[in-house]
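Participant: For reference, the structure I am asking about is given below.
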Amino acid sequence: MSLEFISLENIQEIAHHYGYWAIFVGILLENLGIPIPGETVTLVGGFLAGSNELSYWFVLTDAIAGATIGGICGYWIGRIGGWSLLMRLGQLLRIPEPKILSIKDKFTENGTKAVFFGRFFALLRIFAAPLAGIAEIPFWKFFLVNLAGATAWGSAMVSLAYFAGKIVSLEQLVTWVSQFALVAVLILVAVIAIPLWLESRQEKVGSGE
Numbered sequence: 693m694s695l696e697f698i699s700l701e702n703i704q705e706i707a708h709h710y711g712y713w714a715i716f717v718g719i720l721l722e723n724l725g726i727p728i729p730g731e732t733v734t735l736v737g738g739f740l741a742g743s744n745e746l747s748y749w750f751v752l753t754d755a756i757a758g759a760t761i762g763g764i765c766g767y768w769i770g771r772i773g774g775w776s777l778l779m780r781l782g783q784l785l786r787i788p789e790p791k792i793l794s795i796k797d798k799f800t801e802n803g804t805k806a807v808f809f810g811r812f813f814a815l816l817r818i819f820a821a822p823l824a825g826i827a828e829i830p831f832w833k834f835f836l837v838n839l840a841g842a843t844a845w846g847s848a849m850v851s852l853a854y855f856a857g858k859i860v861s862l863e864q865l866v867t868w869v870s871q872f873a874l875v876a877v878l879i880l881v882a883v884i885a886i887p888l889w890l891e892s893r894q895e896k897v898g899s900g901e
């Protein structure tokens, strides 16, 4: 969830004042795990480019660079200290270690897909890179997928705001993207939760509980 005091008006004001640095730093911080609305920051940058206040190519470069560098930092945070933190979290939530290892193995199998497509989901955009580090996905593989995902996401968001911003207001555009993102997150949660629930049910049936 985004920080409530960072409203669309606040983001616009900061972007007007600091320009490309505001866009780069905002996206970078979100990818480091700080709940800043990176998607909205990117849309504001694209919208300002569409109104000729900023350069489209510089905004796009900011979005890709911020997402890529933030992802790399998140990866190494997860690689260096993420596993011990995950184990402590598992103890607090009373999740047995074998279950955590199973989740880690499943993420390892699908980690590159999660890093790439996770760019388009707010929560995964924050957690995919550290999880990739925890899963010890080879850095070269992570780097390539992270860069590809950042490029695809940045291009989509900046271009959407650049062109659609000429037709609709920025407020309406942000609302539509937020609604789409919410639906996408609910679908993602269902896709992940339902198989886990079915697997848990099968384990209970198998153990005779």
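Count along the sequence shown from 1, then add 692; that gives the number in my numbering. Just so you know, even glycine gets a beta-carbon here, dropped at the ideal spot from N, CA and C.
1) Assign L816 to one of three DSSP states: helix, strand, or coil.
2) Go ahead and pull the three-state DSSP assignment for G711.
3) Please classify L830 as buried or exposed, where buried requires at least 16 other C-beta atoms within 10 Å of its C-beta.
4) Apart from the five residues on each side of it in sequence, which residues of its chain come closer than 6 angstroms, Cβ to Cβ, to G803?
5) Taking the alpha carbon of H708 as the reference point, which residue from I761, N838, L740 has its own alpha carbon closest?
6) Within a Cβ cutoff of 7 angstroms, which residues of the same chain sit near T760, ignoring the five residues on either side of it in sequence?
7) Count the CB pairs spanning the stretch 814-823 and the stretch 738-755 that are closer than 8 angstroms, and state whether there are at least three.
8) Of the choices G763, I728, I706, E863, whose alpha-carbon is the least far from that of K833?
9) To the nearest angstrom, how far is it from the Cα of I756 to the Cα of A806?
10) Closest by CA to Y710, which one among V751, F809, G773?
11) Compute the distance between the beta-carbons of N918 and G758, then report whether it is under 8 angstroms.
12) Roughly how many angstroms separate the alpha carbons of V733 and I715, rounded to a whole number?
13) Label E731 either buried or exposed according to how many other C-beta atoms from any shown protein chain fall within 10 Å of its C-beta, with 16 as the threshold for buried.
14) Whose CA, out of N702, I703, P729, E705, lies closest to the CA of I818?
15) May I ask you to report which of helix, strand or coil DSSP gives K858?
16) Going by other Cβ atoms of all chains shown within 10 Å of its Cβ, with 16 needed for buried, is V845 buried or exposed?
17) Taking C-beta to C-beta, are G774 and M849 nearer than 8 angstroms?
Facilitator: To lay it out plainly:
1) In the sequence shown, counting from the first residue as 1, residue 816 sits at position 124. L816 falls in the helix class under three-state DSSP.
2) Taking the first residue of the sequence shown as 1, we reach residue 711 at position 19. Three-state result, G711: coil.
3) Here residue 830 corresponds to residue number 138 of the sequence shown, with the count starting at 1. The identity of residue 830 in the sequence shown is Pro, whereas the question assumes Leu. The residue in question, P830, is exposed, as its Cβ has fewer than 16 Cβ neighbours within 10 Å.
4) Indexing the sequence shown from 1 puts residue 803 at position 111. Taken in chain order, the residues that qualify are A824, A827, I829.
5) By 1-based counting over the sequence shown, the position of residue 708 is 16. Comparing Cα positions, the closest option is L740.
6) Taking the first residue of the sequence shown as position 1, residue 760 is located at position 68. Around T760: N838, L839, A842.
7) no
8) What you label residue 833 is simply residue 141 of the sequence shown in a count that begins at 1. Minimum Cα distance to K833 is reached at G763.
9) Numbered from 1 along the sequence shown, position 64 holds the residue referred to as residue 756. Numbered from 1 along the sequence shown, position 114 holds the residue referred to as residue 806. Spanning the two alpha carbons is a distance of roughly 17 angstroms.
10) Position 18 of the sequence shown, counting from 1, holds the residue named residue 710. If we check each option's Cα against that of Y710, V751 comes out closest.
11) The structure shown does not extend to residue 918, since the chain spans only 693 to 901, so no value can be given for it.
12) If you number the sequence shown from 1, residue 733 lands on position 41. If you number the sequence shown from 1, residue 715 lands on position 23. In a straight line, the C-alpha of V733 is about 6 angstroms away from that of I715.
13) Your numbering for residue 731 matches position 39 in the sequence shown. Buried, because 16 or more other Cβ atoms sit within 10 Å of the Cβ of E731.
14) Numbered from its first residue, the sequence shown carries residue 818 at position 126. Of the candidates N702, I703, P729, E705, the one whose C-alpha sits nearest the C-alpha of I818 is P729.
15) Counting from 1 along the sequence shown, the entry for residue 858 is found at position 166. Coil.
16) Residue mapping note: residue 845 aligns to position 153 of the sequence shown, counting from 1. Per the sequence presented here, residue 845 reads as Trp, with Val not at that position. Counting Cβ neighbours within 10 Å, W845 comes out buried, since at least 16 surround it.
17) Here residue 774 is taken as the residue at index 82 of the sequence shown, counted from 1. Here residue 849 is taken as the residue at index 157 of the sequence shown, counted from 1. For G774 and M849, no; Cβs fall outside 8 angstroms.
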